[in-house]
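Student:
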Amino acid sequence: MTSTQLFNAVTLAYFASMVLFVVYLATRSKAVALGGNILAYAGFLMHTAAIGLRWRETYTLLGADGYAPLSNLYESVVFFSWTILLIYIIIDLKYRQRAVGAFVLPFAFLAMTWAQLRLNDAIEPLVPALQSNWLTYHVITCFLGYAAFAVACGVSIMYLIKFSKEEKKPENTPAGGLMALFPSTRVLDDINYKAIMIGFPLLTLGIVTGAAWANYAWGTYWSWDPKETWSLIVWFIYAAFLHARFTRGWVGKRAAWLSIFGFAATIFCYLGVNLVLSGLHSYGAGG
Amino acid sequence: MTAKERSFLTAVWDFLCSLKLTIIILILLAITSIIGTVVQQNLSPQEYLQFYTEKTYKILDALHFFDMYHSWWFLSLLGLFSLNLICCSIKRFPRVWKTVMYPNLQGDDSLFRTLSNADEVVVPGTLAEVTEKLKAFVQKNFAGTVVTTGEDRTYLFAQKAAYARFGVYVTHLSILIIFLGAIIGNIWGYKGYMNIMEGTAMDTLRLFGSNEPLKLPFAVRCDRFEVTFYEGGGGRPKEFISDLVILDQGKEVEKKTIQVNDPLSYKGITFYQSSYGPAGDPIFKMRVRVKDSDEVKEYMARQGEHVNLPDGGSFAVTAYTQAYDRFGPAIQMHVNTPDGNHGNPFIVLKNFPDFDAQRGGKYIFSLDAINQRYYTGLQVGKDPGVWVVWTGCFMMIVGSLAAFFISHRRIWVTLQPVGGKIGVRIGGSAHRNQPAFELFFDGLKEKLKKELNV
Ligand code: HEM
Numbered sequence: 060m061t062s063t064q065l066f067n068a069v070t071l072a073y074f075a076s077m078v079l080f081v082v083y084l085a086t087r088s089k090a091v092a093l094g095g096n097i098l099a100y101a102g103f104l105m106h107t108a109a110i111g112l113r114w115r116e117t118y119t120l121l122g123a124d125g126y127a128p129l130s131n132l133y134e135s136v137v138f139f140s141w142t143i144l145l146i147y148i149i150i151d152l153k154y155r156q157r158a159v160g161a162f163v164l165p166f167a168f169l170a171m172t173w174a175q176l177r178l179n180d181a182i183e184p185l186v187p188a189l190q191s192n193w194l195t196y197h198v199i200t201c202f203l204g205y206a207a208f209a210v211a212c213g214v215s216i217m218y219l220i221k222f223s224k225e226e227k228k229p230e231n232t233p234a235g236g237l238m239a240l241f242p243s244t245r246v247l248d249d250i251n252y253k254a255i256m257i258g259f260p261l262l263t264l265g266i267v268t269g270a271a272w273a274n275y276a277w278g279t280y281w282s283w284d285p286k287e288t289w290s291l292i293v294w295f296i297y298a299a300f301l302h303a304r305f306t307r308g309w310v311g312k313r314a315a316w317l318s319i320f321g322f323a324a325t326i327f328c329y330l331g332v333n334l335v336l337s338g339l340h341s342y343g344a345g346g
Numbered sequence: 016m017t018a019k020e021r022s023f024l025t026a027v028w029d030f031l032c033s034l035k036l037t038i039i040i041l042i043l044l045a046i047t048s049i050i051g052t053v054v055q056q057n058l059s060p061q062e063y064l065q066f067y068t069e070k071t072y073k074i075l076d077a078l079h080f081f082d083m084y085h086s087w088w089f090l091s092l093l094g095l096f097s098l099n100l101i102c103c104s105i106k107r108f109p110r111v112w113k114t115v116m117y118p119n120l121q122g123d124d125s126l127f128r129t130l131s132n133a134d135e136v137v138v139p140g141t142l143a144e145v146t147e148k149l150k151a152f153v154q155k156n157f158a159g160t161v162v163t164t165g166e167d168r169t170y171l172f173a174q175k176a177a178y179a180r181f182g183v184y185v186t187h188l189s190i191l192i193i194f195l196g197a198i199i200g201n202i203w204g205y206k207g208y209m210n211i212m213e214g215t216a217m218d219t220l221r222l223f224g225s226n227e228p229l230k231l232p233f234a235v236r237c238d239r240f241e242v243t244f245y246e247g248g249g250g251r252p253k254e255f256i257s258d259l260v261i262l263d264q265g266k267e268v269e270k271k272t273i274q275v276n277d278p279l280s281y282k283g284i285t286f287y288q289s290s291y292g293p294a295g296d297p298i299f300k301m302r303v304r305v306k307d308s309d310e311v312k313e314y315m316a317r318q319g320e321h322v323n324l325p326d327g328g329s330f331a332v333t334a335y336t337q338a339y340d341r342f343g344p345a346i347q348m349h350v351n352t353p354d355g356n357h358g359n360p361f362i363v364l365k366n367f368p369d370f371d372a373q374r375g376g377k378y379i380f381s382l383d384a385i386n387q388r389y390y391t392g393l394q395v396g397k398d399p400g401v402w403v404v405w406t407g408c409f410m411m412i413v414g415s416l417a418a419f420f421i422s423h424r425r426i427w428v429t430l431q432p433v434g435g436k437i438g439v440r441i442g443g444s445a446h447r448n449q450p451a452f453e454l455f456f457d458g459l460k461e462k463l464k465k466e467l468n469v
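First to last, the protein sequences are chains F and U. Numbering of the first sequence is given in the working numbering, commencing with residue 60 and proceeding in unit increments. Numbering of the second sequence is given in the working numbering, commencing with residue 16 and proceeding in unit increments.
1) Just to confirm the assignment, what range does the alpha helix (DSSP H) spanning U:Thr-154 have?
2) Please look up how many angstroms separate the CB atoms of U:Gly-283 and U:Pro-399, rounded, as I've assumed it's under 8 Å.
3) Have a look at U:Trp-203 and U:Phe-223 and give me their C-alpha separation to the nearest angstrom.
4) Got a sec? Which residues, its chain only, sit under 7 Å from F:Leu-104 by beta carbon, not counting five neighbours each side?
5) In three-state terms, what does DSSP make of F:Ile-150?
6) Note down, in chain order, each residue of its chain lying with its Cβ closer than 7 Å to the Cβ of U:Val-153, except the 5 sequence neighbours on either side.
7) Go through its chain and collect everything with a Cβ distance to U:Arg-180's Cβ below 6 Å, but skip five positions before and after it.
8) Give me the subset of the segment 34 to 51 of chain U whose CB atoms are less than 7 Å from a CB atom of chain F, sorted by chain position.
9) Which word fits F:Ser-341, buried or exposed, when buried means at least 16 other C-beta atoms lie within 10 angstroms of its C-beta?
10) Between the segment 165 to 187 of chain F and chain U, which residues of the former have a C-beta closer than 8 Å to a C-beta of the latter?
11) Please work out which residues of its chain come closer than 6 Å, Cβ to Cβ, to F:Gly-345, disregarding the five sequence neighbours upstream and downstream, and give them in chain order.
12) So, are the CB atoms of F:Leu-291 and U:Ser-48 less than 8 Å apart?
13) Hey, does F:His-302 have any beta-carbon neighbour from chain U nearer than 8 Å?
14) By DSSP, does U:Arg-374 sit in helix, in strand, or in coil?
15) Under the three-state reduction of DSSP, which class applies to F:Leu-71: helix, strand or coil?
16) Can you tell me where the alpha helix (DSSP H) holding U:Gly-6 begins and where it ends?
17) Show which residues of chain U have a CB atom less than 7 Å away from the CB atom of F:Ser-191.
18) Can you check DSSP and say which residues form a bridge with U:Ala-216?
19) Tell me the residue span of the beta strand (DSSP E) that contains U:Ala-26.
20) Under the DSSP definition of a beta bridge, which residues are partnered with U:Phe-330?
21) Could you work out which residues of chain U lie near F:Thr-288, taking near to mean beta carbons separated by less than 9 Å?
22) Please tell me whether F:Thr-200 has its Cβ less than 8 Å away from any Cβ of chain U.
23) Can you list the residues of chain F that U:Thr-285 reaches, using a CB-CB cut of under 7 Å?
24) Quick one: grab the DSSP three-state call for F:Val-267.
25) Name, please, each residue of chain F whose Cβ falls closer than 8 Å to the Cβ of U:Asn-245.
26) Which ranges would you report for the beta strand (DSSP E) in the segment 375 to 401 of chain U if only whole runs of at least 3 residues count?
27) Does any residue of chain U have a CB that is nearer than 8 Å to the CB of F:Asn-274?
28) If you reduce the DSSP assignment to three classes, tell me which class F:Ala-109 lands in.
29) Return the chain-ordered list of same chain residues with a C-beta closer than 6 Å to the C-beta of F:Trp-221, the five sequence neighbours on each side being excluded.
30) Hey, U:Pro-302 and U:Glu-320 are a contact pair by Cβ (cut 8 Å); roughly how many whole angstroms apart?
31) Rounded to whole angstroms, what's the CA-CA distance from F:Gly-343 to U:Ala-372? Just pull it up for me.
32) Any C-beta of chain F within less than 7 Å: which residues of the segment 408 to 440 of chain U qualify?
33) Report buried or exposed for F:Ile-97, applying the criterion of at least 16 other Cβ atoms within 10 angstroms of its Cβ.
34) Counting only C-beta atoms, is F:Thr-263 closer than 8 Å to chain U at any point?
35) Alpha carbon to alpha carbon, how far is F:Ala-75 from F:Arg-115?
36) What does U:Pro-228 pair with, by DSSP beta-bridge criteria?
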């Protein structure tokens with residue numbers, strides 16, 4: 060068994076889990092939700108094993124030059140997807156709100172599909188600039204932060220859907236039907252905020268470890284290159300979110316929109332800088 | 016100062032202390048920062064004129080968009096940001112200091128009115144007895160308790176993690192410290208590069224940007240530069256290595272083999288491996304065997320030079336690479352016949368000495384070594400502010416973890432004799448994570464009732 064085969068199985072598991080969660084939204088069958096969750100957990104275990112396997116494969120293939128599989132776009136997307144599941148599972152254990160799965164698993168599934176179909180999965184030895192422990196810490200912290208923001212974005216979308224449904228009804232009763240499956244708006248708002256509160260220090264740590272890496276490699280901890288600048292933009296947005304919340308009481312709808320907006324900037328930082336800005340200029344190949 | 020002046024100053028002060036300003040600046044910083052990622056920074060005018068018309072170029076230049084992160088307006092925004100942070104802290108910190116250092120030990124009626132977690136019971140006993148009981152209870156279930164007495168009442172107070180209130184201030188201060196570090200680096204630091212040929216020493220670097228020379232208080236010698244490639248890596252470089260020696264007043268004081276991600280520092284100046292290049296033509300050490308004989312000759316050949324062979328012909332190496340696909344170092348060469356006819360070019364691989372025999376020529380060439388001298392390209396930097404920046408980063412992470420996740424929790428108990436019994440009032444508050452505190456407090460109430468048998 061190769062890691063690629065295992066990653067394919069993981070992608071299938073996430074797909075099936077996603078379908079079951081959507082079916083759950085339609086049928087409200089508890090058993091279906093349980094099935095979806097079992098597949099999500101099983102997929103996560105396989106995913107973990109597959110990352111470990113790929114790690115070992117780098118050593119089989121490259122001998123002493125093996126590396127932690129977090130070094131190219133393919134590996135980072137796979138890891139991103141893994142962190143989304145990790146955060147989902149933490150939230151599932153704490154809140155037990157299965158409908159969240161229908162809004163979080165698609166992110167993980169799409170990431171895996173894109174990685175498996177479109178990205179180069181060859182194991183290639185690292186060029187000198189990438190041979191740094193700081194880089195490993197950098198990738199891990201950044202992506203855990205991104206995943207927390209992804210979850211915050213998912214529940215914010217749920218919040219807006221549920222909120223608009225409840226708003227239409229004259230008396231302020233909780234919405235029935237499909238909406239009854241969603242956690243209450245209060246819980247959704249709370250998860251949004253908690254996820255960002257977890258993601259923000261991780262992003263801070265990610266930016267700091269990235270700066271440390273740049274400092275060891277090039278003697279410049281900050282050079283305003285587009286990737287760095289975009290990570291700072293994302294940081295500014297979530298800092299604004301937290302301050303608006305802590306001190307001005309921004310909750311609910313405005314907080315949900317700001318969270319979605321923040322995640323859009325996160326995605327741009329992660330992919331847009333390489334895919335869009337690098338088309339505009341010559342940079343973007345690195346980092 | 017007239018009333019009008021005073022009200023103007025108050026208005027300025029309120030503006031600088033306002034949180035709305037904080038949020039507006041954060042959003043403005045986010046938006047303006049985008050500009051520098053779309054407009055490429057610090058190119059030459061000629062390069063810009065390839066993308067932009069003259070008119071656009073002039074407008075963008077006037078707006079300082081070509082070096083926006085160092086423009087007056089962006090730096091002013093950062094300055095305002097710092098001022099906002101400082102003013103807010105000056106305004107709010109004294110109150111927080113008081114809350115932590117001189118806590119309100121006596122839970123009076125007005126305080127209890129503000130607490131959402133509170134309860135009341137009446138129990139038999141003397142004031143002294145009940146006080147002892149409750150003191151032990153709070154101590155056991157929460158934290159060390161301070162007892163004070165008022166006119167007819169006794170007050171208990173206990174708290175946990177009061178220092179968490181400082182987390183926000185540590186975080187905010189850390190931002191100013193990072194800025195300070197950046198300013199120190201900009202004033203007293205510099206960045207440049209030097210290209211040192213193998214076997215030579217240098218004491219002058221060229222600054223980035225201005226390209227001005229700058230003399231160091233010592234010299235650096237490069238004894239060896241080497242680039243290694245991955246075997247079978249399709250020519251991927253594995254390591255760039257330079258053996259550096261620091262010569263301070265002519266004496267060798269420090270030696271280090273540096274590579275990418277592993278620089279050398281001496282007297283606050285750091286040398287980073289950043290590039291390399293060939294210095295002069297390479298010399299190829301060739302071994303030539305005459306076909307079907309044991310006759311072997313060795314030659315040293317410069318690139319492009321014709322070297323005579325025993326039969327009156329000659330050979331010349333015309334090109335070389337350190338990594339010919341997966342096969343390692345290789346040269347391209349050709350052989351001229353004695354009458355001067357130019358032969359077809361062919362490849363000789365260093366790692367496969369017998370490979371050339373398959374060509375079937377009169378001479379079988381193998382490549383022993385490529386003696387190429389290199390220069391090593393070092394980036395040189397001095398940044399006395401970098402430790403200030405790391406200190407700030409550390410404070411930011413510790414401070415924000417404390418600010419977000421550690422909650423300052425307080426419990427007040429007030430005891431008052433009422434009609435031969437003792438009225439017990441207990442209340443508490445937390446500055447973060449109220450739901451968790453509510454759970455804790457509900458549990459505490461249950462336990463208290465059991466303890467007091469009510
Ligand atoms: C970037 C520049 C920043 C400015 C100008 C700023 C400004 C402020 C101000 C004025 C307050 C209100 C203070 C108070 O209520 O005592 C505040 C609160 C807060 N700030 Fe910042 N802040 C900044 C960055 C940060 C960062 C990066 C973090 C977190 C890592 C942070 C975390 C907090 C927290 C947690 C509070 C809530 C205080 C509370 O309600 O107890 N701030 N900020």
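Ideal placement from N, C-alpha and C gives every residue a C-beta, glycine not left out. Model, not experiment: these values are computed from the prediction.
Tutor: By the coordinates alone:
1) As written in the sequence, residue 154 of chain U is Gln, which differs from the Thr given in the question. Segment 142 to 156, the alpha helix (DSSP H) holding U:Gln-154.
2) 6 Å
3) 15 Å
4) none
5) helix
6) Thr-160, Leu-171, Ala-173, Ile-426, Val-428
7) Val-111, Val-115, His-423
8) Leu-34, Thr-37, Ile-38, Leu-41, Ile-42, Leu-44, Ala-45, Ser-48, Ile-49, Gly-51
9) Note that F:Ser-341 has pLDDT 39, beneath the 50 cutoff, so the model's placement of it is unreliable and no number is given.
10) Glu-183, Pro-184, Val-186, Pro-187
11) Because the pLDDT at F:Gly-345 is just 37, under 50, the model does not fix this residue reliably, and the point stays unresolved.
12) One thing to note: F:Leu-291 has its Cβ within 8 Å of the Cβ of U:Ser-48.
13) Closer than 8 Å to some Cβ of chain U, the Cβ of F:His-302 qualifies, so yes.
14) Here U:Arg-374 carries a helix assignment [DSSP, helix/strand/coil].
15) helix
16) Since the first and last residues shown for chain U are 16 and 469, residue 6 of chain U lies out of range.
17) Asn-276
18) U:Arg-236
19) No beta strand (DSSP E) contains U:Ala-26, which is instead part of the alpha helix (DSSP H) from 18 to 32.
20) U:Val-322, U:Val-350
21) Ser-48, Ile-49, Gly-51, Thr-52, Tyr-84
22) no
23) Gly-278
24) Looking at F:Val-267 - three-state DSSP - the assignment turns out to be helix.
25) In the sequence on display, residue 245 of chain U carries Tyr and not Asn. What U:Tyr-245 touches in chain F: Leu-121, Asp-124, Pro-184.
26) 378 to 386, 389 to 397
27) yes
28) helix
29) Correcting the residue identity first, residue 221 of chain F is Lys in this sequence and not Trp. These residues qualify, in order along the chain: Met-238, Phe-241, Thr-244.
30) Looking at the sequence itself, residue 302 of chain U is Arg, so the reference to Pro does not match. At roughly 17 Å, the Cβ-Cβ gap does not stay under 8 Å, so U:Arg-302 and U:Glu-320 are not in contact.
31) For F:Gly-343, the pLDDT reaches just 32, beneath the cut-off of 50, and the residue's location in the model is therefore unreliable, leaving the point undetermined.
32) The segment 408 to 440 of chain U vs chain F, Cβ under 7 Å: Cys-408, Met-411, Ile-412, Ser-415, Leu-416, Phe-419.
33) exposed
34) yes
35) 28 Å
36) U:Arg-221
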